[in-house]
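*Asks:* Please find one structure pasted underneath; my questions will follow.
Number of protein chains: 2
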Amino acid sequence: MARTQGSIGAETHEKIREVAEELIAAHGYAAVSMRQIATAVGVQVGALYRYTPDKQTLLFDLMRNHLEQVQSAWDATDPTDAGPVERLEAFCRFHVRFHLDRPRAVFIAYMELRSLTPENYAVIETLRNTYEARLEAIIRDGQDLRVIRVPDARVATMALIGMLTGVTTWYRDDGRLDRGRVERIYWRLARRMVKV
Amino acid sequence: MARTQGSIGAETHEKIREVAEELIAAHGYAAVSMRQIATAVGVQVGALYRYTPDKQTLLFDLMRNHLEQVQSAWDATDPTDAGPVERLEAFCRFHVRFHLDRPRAVFIAYMELRSLTPENYAVIETLRNTYEARLEAIIRDGQDLRVIRVPDARVATMALIGMLTGVTTWYRDDGRLDRGRVERIYWRLARRMVKV
DNA sequence: GATTGAAATGAACAATTGTTCAGTTACTGT
DNA sequence: ACAGTAACTGAACAATTGTTCATTTCAATC
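Structure (structure tokens):
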């Protein structure tokens, strides 16, 4: 028999995304079966295929969705008229904040690259590179204006990304520091790293 | 029929580790089957179970082995008589060098934590924490001696680890920079981050 | 109250999974 | 040459996988 609640399609679609994100982040794409997802949604396996052509696309959509949200959120935040240092501060704080707010999506976007087909991987990698290029552009601007100094702009970009993204691996909501403090500390570390 | 070459057990054992590390690093633990490993080794599935009680233990041994090697290699490198800044330089350079030399093992150690049983996870996490604690101790020593200054020793530790470990995600042997240069650049970035 | 169309079921499918083990092969020491 | 043993095979197993689809359920419309 069908669900007794009057759940319409769009709601199920959204629930599938949420549940899939949670399960995949916790156990990994290959370790989570469509049946597990269906059970967690409260539905039979077959029903999932009304919303996704296959499991791979389900993962791909999650990752693309996340990366596009990062991009557009940063576009809306980037103080493009400000100087490089101010923009760098905005970027660092944004990155930490955004990642702390979406730890599961971040996890998946960084851990499940291997699970993508080559075609899907190419799409996701392009999105990632685009985002990282924005940071690198800020650093190079700063170098040109002599308000930022680093040994190598490219390495500094990757070092910053790695350092900032790593926050998701240790931060806990019930820990010693709240998000605001963590955001501030990371920016102070970053500024020391790049200041002239 | 058995192998025609006169391969003895120890060689097969070693080959299994190598092949498993390569395959798991490339496709992930859950996505690699025992049959794939066996085929790559040049053996039938059943033969693997002469060397490992099960698949989970195979993964666990790889990870424990790697982390123990990191620890003992650092113990042999740590200039314990030197000052905190010098020790920090040694740590940063060691970490980058060691990770660039073992990208697959590093990948597995960071990506497959979810694939471990709770008991095995606890063991691996303890090893990781021990290693990270060494870095944190150096930073705190430096703070006490007023030769290192950071906003927060704990966060700085995690930021450094994240930044240094991230090198494996972008470094390519045929890239613009060789390992020595990368090692040096990372240390310069780290030093700027923590200097008083 | 009958009709419709979307939503979901539930059973089936071929393939693949980790693991076991009785049997075969190859090597070592005598 | 022979026995003993370690290494390995090859087939089998129960369970689980992603995916399909004829059928059923349900809510809205006429």
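Just so you know, the protein sequences line up as chains A and B, in that order.
Numbered according to the numbering used here, the first sequence spans residues 1 to 196.
Numbered according to the numbering used here, the second sequence spans residues 197 to 392.
All C-beta atoms in this analysis are idealised placements derived from N, C-alpha and C, irrespective of residue type, glycine included.
Since the model is a prediction, treat every value here as computed from it, not as a measurement.
1. Using the beta-carbon count (16 or more within 10 Å), is A:GLY142 buried or exposed?
2. Could you name the residues that DSSP lists as bridge partners for B:ILE233?
3. Can you check whether the C-beta of B:LEU385 is within less than 8 Å of a C-beta belonging to chain A?
4. Taking the alpha carbon of B:GLY175 as the reference point, which residue from B:ARG324, B:LEU341, B:ARG283 has its own alpha carbon closest?
5. Let's see if you can read the secondary structure: which residues bound the alpha helix (DSSP H) around A:ARG140?
6. If you follow the alpha helix (DSSP H) that B:THR365 is part of, which residue opens it and which one closes it?
7. A:THR169: which of A:ALA82, A:MET63, A:VAL106 sits nearest, CA to CA?
8. Are three or more beta carbon pairs between the segment 65–72 of chain A and the segment 35–44 of chain A nearer than 8 Å?
9. Check whether the Cβ atoms of B:ALA226 and A:GLY83 lie closer than 8 Å to each other.
10. Could you work out which residues of chain A lie near B:PRO347, taking near to mean beta carbons separated by less than 7 Å?
11. Under 9 Å between beta-carbons, which chain A residues line up against B:ALA222? List them in chain order, please.
12. Locate the alpha helix (DSSP H) running through A:SER72, then write down its first and last residues.
13. Considering only DSSP beta bridges, list what A:ILE148 is partnered with.
14. Please report the straight-line C-alpha distance between B:LEU309 and A:HIS13, rounded to a whole angstrom.
15. Where does B:THR208 sit, in a helix, a strand or coil, going by DSSP?
16. Straight-line CA distance for A:ILE24 to B:SER311?
17. Counting only beta-carbon separations shorter than 8 Å, does B:THR361 have a partner in chain A?
18. Less than 6 Å between C-beta atoms, sequence neighbours within five positions excluded: which residues of the same chain meet that for A:ILE103?
19. Taking just the CA atoms, how far does B:ALA305 sit from B:VAL343?
20. Taking C-beta pairs closer than 9 Å, name the residues in chain A that B:VAL239 reaches, listed in chain order.
21. Go to A:ASP101, then tell me how far its alpha helix (DSSP H) extends in each direction, as first and last residue.
22. From the beta carbon of A:TRP74, is the nearest beta carbon of chain B less than 8 Å away?
23. Reducing DSSP to helix, strand and coil, say where B:ARG213 ends up.
24. Please classify A:GLY175: does DSSP put it in a helix, a strand, or coil?
25. Mind checking A:VAL182: buried by the 16 CB within 10 Å criterion, or exposed?
26. Would A:ILE139 pass as a contact of A:VAL194 if the rule is Cβ separation under 8 Å?
27. Is DSSP giving B:GLU218 helix, strand or coil here?
28. Using a cut-off of 8 Å between C-beta atoms, extract the partners of B:ALA318 located in chain A.
29. What residue from A:GLY166, A:GLU18, A:ASP54, A:CYS92 has the CA that sits closest to A:ARG184's CA?
30. Can you list, in chain order, the residues of its chain with a C-beta nearer than 8 Å to that of A:GLY166? Leave out the 5 residues immediately preceding and following it.
31. Can you name, in chain order, every residue of its own chain whose Cβ lies under 6 Å from the Cβ of A:TYR51, other than the five neighbours on each side?
32. Distance cutoff 8 Å, beta carbons only. Does A:MET34 sit that close to anything in chain B?
33. Roughly how many angstroms lie between the CA atoms of B:ALA318 and A:LEU145, to the nearest whole one?
34. For my contact list, B:LEU296 and B:TYR367 are in at a C-beta cut-off of 8 Å; report their separation, rounded to the angstrom.
35. Which two residues bound the contiguous alpha helix (DSSP H) that contains A:LEU113?
36. Determine the extent of the alpha helix (DSSP H) in which A:ALA31 is found, giving its start and end residues.
*Replies:* On the basis of the data shown:
1. Note on A:GLY142: 16 or more other CB atoms within 10 angstroms of its CB, so buried under the neighbour-count rule.
2. Here B:ILE233 is not bridged, per DSSP, to any residue.
3. Cβ-Cβ to chain A under 8 Å: yes for B:LEU385.
4. Nothing about residue 175 of chain B can be reported from this structure: the residues present for chain B run from 197 to 392 only.
5. Per DSSP, A:ARG140 is one residue of the alpha helix (DSSP H) stretching across 118–144.
6. Going by DSSP, B:THR365 is part of the alpha helix (DSSP H) stretching over 363–366.
7. Cα-wise, what sits closest to A:THR169 is A:VAL106.
8. Short answer: they don't touch.
9. Cβ atoms of B:ALA226 and A:GLY83: not closer than 8 Å.
10. Residues of chain A passing the Cβ test: ILE185, ARG188, LEU189.
11. Those are ARG114, listed as they occur along chain A.
12. Start and end: 55–77.
13. Note: A:ILE148 sits in a beta bridge opposite A:LYS195.
14. In this model, B:LEU309 and A:HIS13 are separated by some 30 Å (Cα to Cα).
15. Looking at B:THR208 - three-state DSSP - the assignment turns out to be helix.
16. A direct Cα-to-Cα measurement between A:ILE24 and B:SER311 gives close to 12 Å.
17. Yes, because at least one Cβ of chain A sits closer than 8 Å to the Cβ of B:THR361.
18. Strictly speaking, residue 103 of chain A in this sequence is Pro, with Ile absent from that position. Close CB contacts of A:PRO103 within its chain, under the 6 Å cut and outside five residues either way in sequence, are with THR168 (chain order).
19. Taken atom to atom, the span from the alpha-carbon of B:VAL343 to that of B:ALA305 is near 33 Å.
20. Scanning chain A for C-beta atoms nearer than 9 Å to the C-beta of B:VAL239 yields nothing, as the closest lies near 23 Å away.
21. Looking at the DSSP string, the run of the alpha helix (DSSP H) that includes A:ASP101 is 84–101.
22. Not one beta carbon of chain B lies nearer than 8 Å to the beta carbon of A:TRP74.
23. Looking at B:ARG213 - three-state DSSP - the assignment turns out to be helix.
24. Reduced to three states, the DSSP call for A:GLY175 is coil.
25. Flag for A:VAL182 reads buried.
26. Cβ atoms of A:ILE139 and A:VAL194: closer than 8 Å.
27. Under the three-state reduction of DSSP output, B:GLU218 falls in the helix class.
28. The contacting residues do not exist; B:ALA318 stays about 17 Å from chain A at best.
29. A:ARG184 has its Cα closest to that of A:CYS92, out of A:GLY166, A:GLU18, A:ASP54, A:CYS92.
30. None.
31. Around A:TYR51: HIS13, ILE16.
32. No - not a single Cβ of chain B is within 8 Å of the one on A:MET34.
33. The C-alpha of A:LEU145 is placed about 49 Å away from the C-alpha of B:ALA318.
34. Correct: roughly 6 Å between the Cβ atoms.
35. If you look at A:LEU113, you'll find it isn't in any alpha helix (DSSP H); DSSP assigns it neither H nor E.
36. Counting along the chain, A:ALA31 falls outside any alpha helix (DSSP H), and DSSP gives it neither H nor E.
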